[in-house]
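Chains as they are written, first to last, in full-length UniProt numbering: chain S, 1 to 352; chain U, 1 to 318; chain X, 1 to 309. Cβ coordinates follow ideal geometry from the N, Cα and C atoms, glycine included. In what follows, a single structure is set out as structure tokens and then discussed.
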């Protein structure tokens, strides 16, 4: 129940409410966990920004630090064992890591909301969905029980749950997986936040339901002009919804790109490997590509580029120097806006 | 099984970082770890386990070879000249007057040493009996289901409906001379229900596992399925419950003997000694307190042992 | 729900009959003779013994005796004590309120202190505070109630002289305090451990993370989301403990000389007064069964995932 709140009681400098800058900016964020076998470095200097109405997809295997980053933004990391040794998280220009517990709490749910992967375990099993939805209004807006219930029904209608008023007193286990995830979405949307973080929102669902839930999420995001951080390990989910993608590996962003560019021309061997391991109909019969090896042990991240033991292009320099995330350009030096790669051999990867 | 544990830890911390990364280590080096070797690995570094294990070994040695600890007899009057009012001679470690004498002039130290056998035998004996009986009943009920299950479950309910202490009093009261074996059988007669329930639950879960379905599909016999597939996998929860119950049975024997309905002379029992020390509580409290403390230490040792075993075998309870 | 209760009540009948029959059987069919116990060591005339037995119906087959006994019991006739000649119903009516009072006292203690300690430990798992409380409960569990009883009696009454060693007035709540604490200690330790485990486990659950992410105040997260879930197993455990507390009273009442059901049953046992033992035991079985039914119903009320099946 420890959150990442700092105990400072002095509020940070108040920036303008809307200065046209990004909604959220993560700067050089580090997160580590103390474990029995030493310190696990889960996030090692992540930078990204999200603007209103923009969708950022964060892509990576489990253990890449994508969810930990999200939890740090939300302030729901378990601390201890977690620790944020370094970094800043600006929300509308204010560093949330320097805020008091109470300031932090008021942002959660109201300004930044989160959708979790497993709606069944993420919803409280012994409280009705109407209660859990209405709670948002009762706590943050001081509505009465009755008003809150009316709002809850409205929300359930919003996310297209059939017979909302009849089902408002039902419990989470009485809904199907897709419906439960809609309830999670409704809960996140309740107070019309500026930013929603969706942590693998469709992973636990059937493929057919996945598309419905993603469409709903995208539709609502457009409607409310919210920023959206979509965390996923599934390249397929991302393509239609996201504006830009950040690929994470071993706690670092290894590549950033506008969504379609990434698919066309990956600039990092890891991204390339991920794309090649998607089964394709036109290559039926040939063996499926797989990235060799295992994700790194976070207590003993390989020196140099963390991906080097699994990389088909690795050279000596990859084992000694950590590559920085640098802008990626066209072969002739022409700018490629929004693109970056943390690979010593990005040129060979994108152009080769 | 280790994979399951890893998953659990992973979901518990949200992101599967530290636990997975480290637990994947040994798995990746190609050494498969079973539930049991995992548990042993955990146990060896658990101070609770080490302390309790040392105490238990000590108590076991005392129970098997009491004469190693004292030359005094627990039943003979060792104190002719002085009376029980003489306080313990703390300096005379292991001497017959070390812990003083009881109301009948017998060496309390010798009675403590010789009392270990009854306590431990009853504790272990009852645990073994209830484990065997309970496992058999629970496995049959869980595996065969249907009317057999209904019948056995009702029978379990009936025995569960008898308050344990009350039932033990009634059963034991019918015997004039109560040896260790009588007490063991009486407690086992009333105590098997808990294990039966646990075993039944475990078997019902395991029965649906793919490997059991596969074994059935391959035409394995019922006995083979029960002995080779179901029993080994149901054993962990049964052992957990049994080890923790062991301490409880030792306490139960002491309580019954204290009430005068447990072990009878000539068996030396700590509970009985507490009972005879009652009248002396005001003037010579050590006569009562020393065997009381001994009962508590013994129960505590087995409880800590059970706790450690449970933590090792059932990581999600931690 | 009505149908579920009706079915459960019906299921309780064979269990009640089975449990009481076992006790009845052990009391009457096994060696030991109340008439002889009554006469003590004095020389007796076998003819007199036989005629007393006949009067009491002790010469009939065991099943017959049981049926007659239960028939009377259902009509509220518990029979008469052989030694004192008093109706057993009177003895129970005298002693039962005392034990109930002691049990309620102990139960309150178990609930408040046990759950309180469990919450205190569980909210900060694996801290010094938590480990300290766990160790304390371990000590409590390993002390049989007679050990704790005498220890407290010795210290409080004989050493420090703050209480009387035994209870002289069973109506006095203040005097019942010490026996209640001793009676409660074991259950209290179990409740504290269970609450602690349950809270520590739920603390790590996904829905708790959700509650934090919703921006709820801490007291609401703990008070509504955590407690509601964590206390479900505790409440069911408490229900079952009512029965154990009542039988535990046999020991505690003996130590502190509380004239309750425990002392009566203990004395009846040593005199082999079958009717008294079986009567009181039947009552305890009934209370135990009622408690487990209430627990099941409560469980279904508290946890919507459980249906009346």
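- Chain order gives the chain X residues near residue 106 of chain S as 215, where near means a beta carbon separation below 8 angstroms.
- In this structure, DSSP gives residue 288 of chain S a state outside helix and strand, which the three-state scheme calls coil.
- Within the same chain, 95, 98 and 170 come within 7 angstroms of residue 259 of chain X by CB-CB distance, once the 5 residues on both sides are set aside.
- At a cut-off of 3 residues, not a single continuous stretch assigned as beta strand (DSSP E) sits fully inside the stretch 185 to 235 of chain X.
- Among the CB atoms of chain S, one or more fall inside 8 angstroms of the CB of residue 207 of chain X.
- Between the alpha carbons of residue 284 of chain U and residue 135 of chain X lies a distance of about 30 angstroms.
- When DSSP states are grouped into helix, strand and coil, residue 264 of chain U belongs to the coil group.
- In the DSSP assignment, residue 249 of chain U falls within the alpha helix (DSSP H) that extends over 231 to 258.
- Non-local beta-carbon contacts of residue 173 of chain U in its own chain, meaning distances under 8 angstroms to residues more than five positions away in sequence, involve 261 in chain order.
- Within the stretch 211 to 240 of chain S, not one residue has a Cβ closer than 7 angstroms to any Cβ of chain X.
- Close partners of residue 281 of chain X in chain U (Cβ separation under 9 angstroms): 162, 163, 166, 167 and 170.
- Interface criterion met: the Cβ of residue 174 of chain U is under 8 angstroms from a Cβ in chain X.
- Within the model, the alpha-carbon separation for residue 305 of chain S versus residue 186 of chain S is close to 41 angstroms.
- For residue 221 of chain S, the closest C-alpha among the options S/209, S/206 and S/196 is that of S/196.
- Taking residue 338 of chain S as the centre and dropping the five residues before and after it, the same chain places the C-beta of 244, 256, 257 and 258 closer than 7 angstroms to its C-beta, in chain order.
- Listed by position along chain X, the residues whose Cβ is nearer than 8 angstroms to that of residue 123 of chain S are 207 and 210.
- For the stretch 74 to 96 of chain S, the set of residues with a beta-carbon nearer than 7 angstroms to any beta-carbon of chain X comprises 74 and 76, in chain order.
- At a C-beta separation below 9 angstroms, residue 153 of chain X has these neighbours in chain U: 281.
- Here the alpha carbon of residue 324 of chain S sits roughly 10 angstroms from the alpha carbon of residue 45 of chain S.
- For residue 7 of chain X, the nearest beta carbon of chain S is not closer than 8 angstroms to its own beta carbon.
- Taking the Cα of residue 254 of chain X as reference, the smallest distance to any Cα among X/176, X/112, X/128 and X/284 is reached at X/176.
- For residue 146 of chain X, the uninterrupted alpha helix (DSSP H) segment begins and ends at 145 to 152.
- Identification of residues in the stretch 67 to 97 of chain X having a C-beta nearer than 9 angstroms to some C-beta of chain S yields an empty set.
- In the assembly as shown, residue 167 of chain X is a buried residue. Its beta-carbon has 16 or more other beta-carbons within 10 Å.
- Nearest neighbour of residue 330 of chain S by Cα position, chosen from S/161, S/340 and S/115, turns out to be S/340.
- Residues of chain U whose Cβ lies closer than 9 angstroms to the Cβ of residue 230 of chain X do not exist; the shortest such Cβ separation is about 14 angstroms.
- Legend: CB atoms of the stretch 286 to 301 of chain X lying less than 7 angstroms from CB atoms of chain U belong to residues 288 and 289.
- For residue 41 of chain U, the enclosing alpha helix (DSSP H) stretches over residues 35 to 44.
- For residue 37 of chain S, same chain residues with a beta-carbon under 6 angstroms away, outside a window of 5 residues either side, are 299 in chain order.
- Judged by DSSP in its simplified three-state form, residue 30 of chain S adopts strand.
- Looking at the DSSP output, residue 248 of chain S shares a beta bridge with S/253.
- Counting every other CB atom within 10 Å of its CB across the protein chains shown gives residue 278 of chain S a total below 16, marking it as exposed.
- Per DSSP, the beta bridge partners of residue 115 of chain S are S/198.
- Counting the other CB atoms within 10 Å of its CB gives residue 210 of chain X a total of 16 or more, which places it among the buried residues.
- In the three-state reduction of the DSSP assignment, residue 95 of chain S falls in the strand class, which pools E and B.
- Between residue 142 of chain X and chain U, the shortest Cβ-Cβ separation is below 8 angstroms.
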